[in-house]
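Each protein sequence line maps, in turn, to chains A and B. Each residue of the first sequence is one higher than the last, beginning at 1 in the UniProt record's numbering. Each residue of the second sequence is one higher than the last, beginning at 1 in the UniProt record's numbering. All C-beta atoms, glycine included, are put in the ideal place defined by N, C-alpha and C. One structure is given below, encoded as structure tokens.
2 protein chains.
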Amino acid sequence: MKPFAFSVEAQSGRARVACLFTPHGVVETPLFMPVGTQGSVKGLLPKDLKEIGSQILLANTYHLLLRPGPERVRALGGLHGFAGWRGPWLTDSGGFQVMSLGHLRRIDEEGVVFQNHLDGSLIRLTPERSLAVQEALGADIVMAFDECPPYPASRDYLKASLERTLRWLERSLKAKTREDQALFGITQGGTDPELRRLSTEETLRFDLPGYAIGGLAVGEPKEAMFRIVELSTRLLPEARPRYLMGVGHPEDLVAAMGLGVDLFDCVYPTRTGRFGSALVPEGRLNLKNARFLEEKGPLEEGCDCYACQTFSRGYIAHLVRAGEMLGGILLSLHNLRYLHRLTEEARRAIREGTYGDFARAFAERRFGKEVPRWFREALAAGGHW
Amino acid sequence: MKPFAFSVEAQSGRARVACLFTPHGVVETPLFMPVGTQGSVKGLLPKDLKEIGSQILLANTYHLLLRPGPERVRALGGLHGFAGWRGPWLTDSGGFQVMSLGHLRRIDEEGVVFQNHLDGSLIRLTPERSLAVQEALGADIVMAFDECPPYPASRDYLKASLERTLRWLERSLKAKTREDQALFGITQGGTDPELRRLSTEETLRFDLPGYAIGGLAVGEPKEAMFRIVELSTRLLPEARPRYLMGVGHPEDLVAAMGLGVDLFDCVYPTRTGRFGSALVPEGRLNLKNARFLEEKGPLEEGCDCYACQTFSRGYIAHLVRAGEMLGGILLSLHNLRYLHRLTEEARRAIREGTYGDFARAFAERRFGKEVPRWFREALAAGGHW
Chain A
1 MKPFAFSVEA QSGRARVACL FTPHGVVETP LFMPVGTQGS VKGLLPKDLK
51 EIGSQILLAN TYHLLLRPGP ERVRALGGLH GFAGWRGPWL TDSGGFQVMS
101 LGHLRRIDEE GVVFQNHLDG SLIRLTPERS LAVQEALGAD IVMAFDECPP
151 YPASRDYLKA SLERTLRWLE RSLKAKTRED QALFGITQGG TDPELRRLST
201 EETLRFDLPG YAIGGLAVGE PKEAMFRIVE LSTRLLPEAR PRYLMGVGHP
251 EDLVAAMGLG VDLFDCVYPT RTGRFGSALV PEGRLNLKNA RFLEEKGPLE
301 EGCDCYACQT FSRGYIAHLV RAGEMLGGIL LSLHNLRYLH RLTEEARRAI
351 REGTYGDFAR AFAERRFGKE VPRWFREALA AGGHW
Chain B
1 MKPFAFSVEA QSGRARVACL FTPHGVVETP LFMPVGTQGS VKGLLPKDLK
51 EIGSQILLAN TYHLLLRPGP ERVRALGGLH GFAGWRGPWL TDSGGFQVMS
101 LGHLRRIDEE GVVFQNHLDG SLIRLTPERS LAVQEALGAD IVMAFDECPP
151 YPASRDYLKA SLERTLRWLE RSLKAKTRED QALFGITQGG TDPELRRLST
201 EETLRFDLPG YAIGGLAVGE PKEAMFRIVE LSTRLLPEAR PRYLMGVGHP
251 EDLVAAMGLG VDLFDCVYPT RTGRFGSALV PEGRLNLKNA RFLEEKGPLE
301 EGCDCYACQT FSRGYIAHLV RAGEMLGGIL LSLHNLRYLH RLTEEARRAI
351 REGTYGDFAR AFAERRFGKE VPRWFREALA AGGHW
């Protein structure tokens with residue numbers, strides 16, 4: 001297949017299974033992408049990521065720009081050679097970190113100026129510079145430099161910002177030189193449907209190999225977020241991958257996959273793991289709770305990950321309390337496997353045309369009798385409830 | 001074979017290859033035992049330890065007594081079930097940690113009182129209590145409760161201490177109830193040959209399944225340490241395993257294996273790895289040094305470990321500088337594999353009767369032209385130089 005071809009293979013309501021072809025391999029969607037912020041998914045070996053079903057990793061342009069620097073990564077073989085993950089990579093544009101990490105000093109038409117959090121120096125990041133850094137890093141999928149406005153933001157700010165992001169997208173495309181990388185555009189517009197429609201329609205004029213839904217999961221209510229996801233997947237073309245950025249809570253994945261989202265990323269499963277929590281169908285277990293010290297069963301009954309196949313909750317709770325790094329490692333491994341299993345089960349249900357049954361079974365374990373309205377409405381809009 | 005049988009299979013000078021049979025599998029010596037202080041070798045999965053050639057792990061009675069407590073470990077299947085390492089385990093007696101961690105409050109004929117470093121409470125540890133804790137932990141090899149005096153210590157103190165350790169050994173044997181655990185005795189006497197001989201000869205009267213050389217590597221000069229190792233392995237019976245406690249520097253292993261030591265343990269390879277250093281034939285690389293950021297080669301050319309097969313020095317140096325836990329994990333993995341390879345190569349040389357060649361080749365890379373006198377003298381005493 002031609003690189004970046006995207007072939008939809010099955011549908012169930014608005015949910016779909018597809019294959020995305022990249023120069024470093026094919027990925028099957030819907031799919032969660034583990035985050036390797038500084039070029040490593042914290043504490044996990046690439047061989048273990050492969051074993052649990054990871055297909056594509058994400059790295060952060062902001063962090064790698066500061067350390068070790070893009071030229072060092074390029075000289076060591078790009079991300080594929082540098083970080084020992086020979087499968088596909090995606091890099092973000094750096095825009096989100098510049099703003100979310102609070103180091104932003106100035107934003108103007110040209111780009112942003114931010115303070116390097118390591119040495120205090122001022123660094124300028126522009127669409128051209130972001131693209132150049134991402135070309136040096138060498139990911140298969142690169143993202144256009146955008147502004148992700150805070151929530152809430154005024155309608156005037158959102159509109160000016162999304163229009164600037166569109167001009168930045170145009171500059172990103174002009175700056176692009178590598179044929180073996182796909183540039184995805186990012187839609188903005190906050191939770192305002194009219195602005196989101198404007199941003200999406202204008203972004204679509206660039207006819208890109210993929211589109212991301214940006215600016216969500218930044219503090220807005222779930223109802224507002226999913227109304228925008230619903231609108232976005234309605235506007236975005238069937239024949240292109242759709243990536244919902246920064247989303248990794250299991251219930252959000254189930255709702256968004258039902259609406260036709262294909263790709264997700266978030267530090268949530270690994271961060272919550274390092275902080276001592278396990279994702280399970282019922283929600284989240286805090287292994288710091290003393291009761292787990294006595295429990296003989298695995299983190300999750302029936303899970304096929306190495307942590308669940310090898311260790312008891314009691315042992316992992318001990319590691320967490322004792323401050324042993326292995327605790328966070330095992331929880332990260334399990335949590336990623338949990339999300340990978342969730343998308344594998346979703347793909348199976350989509351192929352069988354039973355995504356609604358899958359979503360209901362998920363909701364029953366996750367929420368019991370009190371399924372939240374936003375979840376039901378999203379699933380209903382996807383044709384599953 | 002009967003549990004704890006020890007069969008010497010080959011000799012080269014005083015160095016020997018042997019098999020030690022335990023209820024959880026056979027271990028081939030000489031061998032380095034990774035330390036899993038709190039029931040985990042920091043940051044490493046049991047499957048990876050198995051892959052790099054670990055055969056038996058050590059856990060610390062002191063740490064597990066405090067947290068999670070011996071009864072919890074027992075209820076979760078003993079160390080073999082608890083920690084996911086189904087092969088042989090060895091536990092120390094807790095005596096060394098009580099003293100070395102500086103929490104000792106009182107030592108008398110009955111035992112020691114120390115302050116729990118987690119909650120400040122006072123805890124009594126006696127030979128009987130140490131044995132009971134070790135029986136709950138369930139290791140294959142357990143150690144008699146001993147006192148490891150500081151260096152330097154007066155001759156009078158050393159003598160009184162070693163005599164008390166002998167009385168504690170007698171009490172340990174009386175307290176022992178499990179048939180599926182071997183109790184090793186520990187010789188003391190510091191670096192005083194006469195006291196060491198006394199301690200060794202008196203310990204041998206108990207006809208134990210194995211003997212440890214204790215109280216060394218606590219600050220004494222190498223010359224003094226190896227004179228005592230030489231004396232000890234001369235006095236200890238051929239037909240029993242000899243364990244040199246707390247020693248893990250590669251050059252110390254090569255010298256001690258040459259004198260007929262069979263077992264070693266030390267946190268050195270994993271601790272120095274977490275601190276950013278790699279063991280290589282030439283010594284130790286500090287990956288924090290900026291020059292490594294540009295280096296494309298592996299930590300050690302020719303090493304078969306996952307870290308060396310997958311990653312460049314440049315990447316690992318980046319991880320160390322960026323504070324990524326994967327840096328310490330990869331260095332720990334490599335450093336343990338380095339020591340395992342060292343003992344594997346030693347075993348091969350012993351089987352071929354060429355231990356002297358092996359030791360000379362090691363010394364040439366490690367020391368260049370300036371081979372230290374203690375090293376040459378130890379090898380000469382072992383019949384290899």
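Look at residue i and residue j and say whether their C-beta atoms are less than 8 Å apart.
i, j, result
"B/N286", "B/G273", "no"
"A/C266", "A/G283", "no"
"A/V261", "A/L235", "no"
"B/P23", "B/D207", "no"
"B/G356", "B/H384", "yes"
"residue 410 of chain B", "B/H340", "Summary: the structure shown does not reach residue 410 of chain B, with chain B confined to residues 1 through 385, and so no result is reported for it."
"A/G87", "A/G25", "yes"
"B/I56", "B/W89", "yes"
"A/L336", "A/T270", "yes"
"B/P34", "B/V41", "yes"
"A/N116", "A/I123", "yes"
"A/F375", "A/A256", "no"
"A/R351", "A/A144", "no"
"A/G323", "A/E295", "no"
"B/A349", "B/G258", "no"
"B/G84", "A/T310", "yes"
"A/I316", "A/G327", "yes"
Helix, strand or coil: how does DSSP classify residue i here?
i, result
"B/A160", "helix"
"B/G302", "coil"
"B/R155", "helix"
"B/L122", "strand"
"B/L354", "Strictly speaking, residue 354 of chain B in this sequence is Thr, with Leu absent from that position. Three-state DSSP puts B/T354 in coil, outside helix and strand."
"B/G39", "coil"
"B/G78", "helix"
"B/T233", "helix"
"A/D252", "helix"
"B/L44", "coil"
"B/Q181", "coil"
"A/N60", "coil"
"B/T191", "coil"
"A/A346", "helix"
Under the assumption that residue i contacts residue j (Cβ atoms under 8 Å), give the Cβ distance between them as a whole number of angstroms.
i, j, result
"B/T126", "B/E147", "Contact flag wrong, Cβ pair sits at about 12 Å."
"B/A15", "B/F6", "At roughly 15 Å, the Cβ-Cβ gap does not stay under 8 Å, so B/A15 and B/F6 are not in contact."
"B/L299", "B/A290", "Not a contact, Cβ separation roughly 17 Å."
"A/L293", "A/H318", "6 Å"
"B/L263", "B/P281", "Actually they do not touch by this definition, with Cβ atoms about 23 Å apart."
"B/L58", "B/G39", "The pair is not a contact, with the Cβ atoms about 11 Å apart (cut-off 8 Å)."
"B/Q188", "B/L162", "4 Å"
"B/V371", "B/A381", "Not a contact, Cβ separation roughly 15 Å."
"B/P193", "B/I228", "7 Å"
"A/F184", "A/P209", "7 Å"
"A/L169", "A/T203", "7 Å"
"A/L195", "A/L231", "Actually they do not touch by this definition, with Cβ atoms about 11 Å apart."
"B/A175", "B/E110", "Not a contact, Cβ separation roughly 13 Å."
"B/T61", "B/S130", "6 Å"
"B/G78", "B/S332", "The pair is not a contact, with the Cβ atoms about 25 Å apart (cut-off 8 Å)."
With respect to 7 Å, is the separation between the Cβ of residue i and the closest non-hydrogen atom of the ligand ADP below this value?
i, result
"B/L216", "Inclusion of the ligand ADP in the displayed structure is not the case, the ligand content being empty and no account of it being possible."
Identify each residue in the region 220 to 237 of chain B for which the Cβ-Cβ distance to at least one residue of chain A is less than 8 Å, and report them in chain order.
For the region 220 to 237 of chain B, which is checked against every Cβ of chain A, not one residue is closer than 8 Å.
Given 8 Å, three or more beta-carbon pairs between the region 218 to 227 of chain A and the region 153 to 164 of chain A:
Judged by Cβ distances under 8 Å, the region 218 to 227 of chain A makes no contact with the region 153 to 164 of chain A, as fewer than three pairs qualify.
Counting only Cβ-Cβ distances shorter than 8 Å, please list the residues of the region 17 to 40 of chain B near chain A, keeping chain order.
Those would be Q38, G39, S40, in chain order.
Would you call the region 66 to 75 of chain B and the region 126 to 136 of chain B touching, i.e. three or more CB-CB distances under 8 Å?
Yes: at least three Cβ pairs fall under 8 Å.
With 8 Å as the C-beta to C-beta threshold (strictly closer), list the residues of the region 298 to 315 of chain A near chain B in chain order.
Result list: Y306, T310, F311, S312, G314, Y315.
May I ask you to list, following chain order, the residues of the region 73 to 103 of chain B that have a beta carbon less than 9 Å from some beta carbon of chain A?
From the region 73 to 103 of chain B, only V73, A75, L76, G77, G81, F82, A83, G84 have a Cβ closer than 9 Å to chain A.
Note down, in chain order, all residues in the region 271 to 295 of chain A with a beta-carbon under 8 Å from any beta-carbon belonging to chain B.
Only L293, E294 from the region 271 to 295 of chain A bring a Cβ to less than 8 Å from some Cβ of chain B.
Looking at chain A, which residues of the region 40 to 55 of chain B have a Cβ within less than 9 Å of any of its Cβ atoms?
Those would be S40, V41, K42, G43, L44, L45, P46, K47, D48, in chain order.
Determine which residues of the region 324 to 345 of chain A have a Cβ less than 7 Å from any Cβ of chain B, and write them out in chain order.
Look at the region 324 to 345 of chain A: the residues with a C-beta under 7 Å from a C-beta of chain B are E324, M325, L326, I329.
Residues in the region 109 to 141 of chain A with C-beta within 7 Å of chain B's C-beta atoms, listed in sequence order?
Answer set for the region 109 to 141 of chain A: empty.
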